[in-house]
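Enquirer: Residue numbers for the sequence shown follow the numbering used here, beginning at 24 and rising by one.
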Amino acid sequence: MKNLRRIQDLECQRTKTTCDLEKTLEVIINDYIQKHDAVTKSEKVLHKLSLRTVNSNANSRANTKADDNDKDNNSSQTQIQKTKIAENSSKTNNNHEASHPKINQRVAISSEIKHQVNQRDQGQCCFRNSQGTRCINRRWLDVHHRKPIAKGGDNSLENLVTLCKAHHRLQHEFAPGSVSG
Ligand SMILES: [Zn+2]
Ligand SMILES: [Zn+2]
């Protein structure tokens, strides 16, 4: 609570207005979402990338990396945010690795593709049951390769799909349902 009061003081000072607790919480919540929500982050990065593509001449896109784009914003908070995202994605990868045999050709999914997967799947499991109803899980998520790397699958957007842990396991054990991104 001490920190909450502190943030309230800082926000009053910053905005030169009286900031009540509700407003203070709103500020904190928005800040958290900006930093930790992969879907919000992906929207921002992909939007910046699309602007860059429009503004520059054709050949730059191949060389564009989502991480480079973050350098436009040089605040230390962005740095922390990037570190957190890197940690999160490496956790995801580790979890994913655990369910796949280690293959020499396996390469990390680029951050741009990860952002595209998050934007397309909106941070929700893509498993659909036989009635076509999509799984509602928005936590415990993995990124799954539809066609495994071992069988020639790659890290393209089309080959990647967000699945919750349970449906991810199911795909590897039985592959009974459909996963449509
Ligand atoms: Zn998988
Ligand atoms: Zn699921």
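Beta carbons: idealized from backbone N, C-alpha and C, even for Gly.
DSSP state of residue 105, grouped into three classes?
Expert: The predicted model places residue 105 with a pLDDT of 49, which falls under 50 and marks its position as unreliable; any figure quoted below should be read in that light. Three-state DSSP puts residue 105 in a helix.
Enquirer: Secondary structure at residue 165, three-state DSSP: helix, strand or coil?
Expert: It is a strand residue.
Enquirer: In three-state DSSP terms, what is residue 68?
Expert: Looking at residue 68 - three-state DSSP - the assignment turns out to be helix.
Enquirer: By Cβ distance below 8 Å, which residues in the same chain neighbour residue 187 in space, the five residues on each side in sequence not counted?
Expert: Result list for residue 187: 148, 150, 158, 160, 162, 163, 164 and 165, in chain order.
Enquirer: Is residue 160 a contact residue of ligand 2, with contact defined as CB to any heavy atom under 6 Å?
Expert: Within the cutoff, so yes.
Enquirer: Quick check: residue 169 and residue 182, are their CB atoms within less than 7 Å of each other?
Expert: Closer than 7 Å, so yes.
Enquirer: Find the nearest neighbour of residue 194 within the set 146, 66, 56 and 171, judged by alpha-carbon distance.
Expert: Looking at the Cα atoms, 171 is the closest of the given residues.
Enquirer: Might you give, ordered along the chain, the residues of its own chain that have their beta carbon closer than 8 Å to the beta carbon of residue 180, omitting 5 neighbours on each side?
Expert: Correct list, in chain order: 136, 139, 140 and 143.
Enquirer: Closest to residue 61 by C-alpha separation, out of 197, 196, 190 and 185, would be which residue?
Expert: Checking every option, the nearest Cα to that of residue 61 belongs to 185.
Enquirer: Can you tell me the Cα-Cα spacing of residue 124 and residue 131, whole angstroms?
Expert: Unreliable positioning characterises residue 124 in this predicted model, as indicated by a pLDDT of 47, which lies under 50. A coordinate reading is not provided.
Enquirer: Which of the three DSSP states, helix, strand or coil, is assigned to residue 187?
Expert: Residue 187: strand per DSSP, three-state reduction.
Enquirer: Once DSSP output is grouped into helix, strand and coil, what is the label at residue 28?
Expert: Note: residue 28 maps to helix in three-state DSSP.
Enquirer: Measuring straight from C-alpha to C-alpha, what distance separates residue 47 and residue 31?
Expert: Residue 47 and residue 31: Cα-Cα distance of roughly 6 Å.
Enquirer: For residue 43 and residue 25, I'd like the C-alpha separation in whole angstroms.
Expert: So the two alpha carbons sit approximately 15 Å from each other.
Enquirer: Short of 8 Å in beta carbon distance, which residues of its chain neighbour residue 50, apart from the five on each side in sequence? Order them along the chain.
Expert: Same-chain partners within the cutoff: 30, 34 and 42.
Enquirer: Report all residues from its chain with a CB closer than 7 Å to the CB of residue 190; omit the five preceding and five following residues, and keep chain order.
Expert: Closer than 7 Å at the Cβ level, and outside the excluded window around residue 190, lie 148, 150 and 158.
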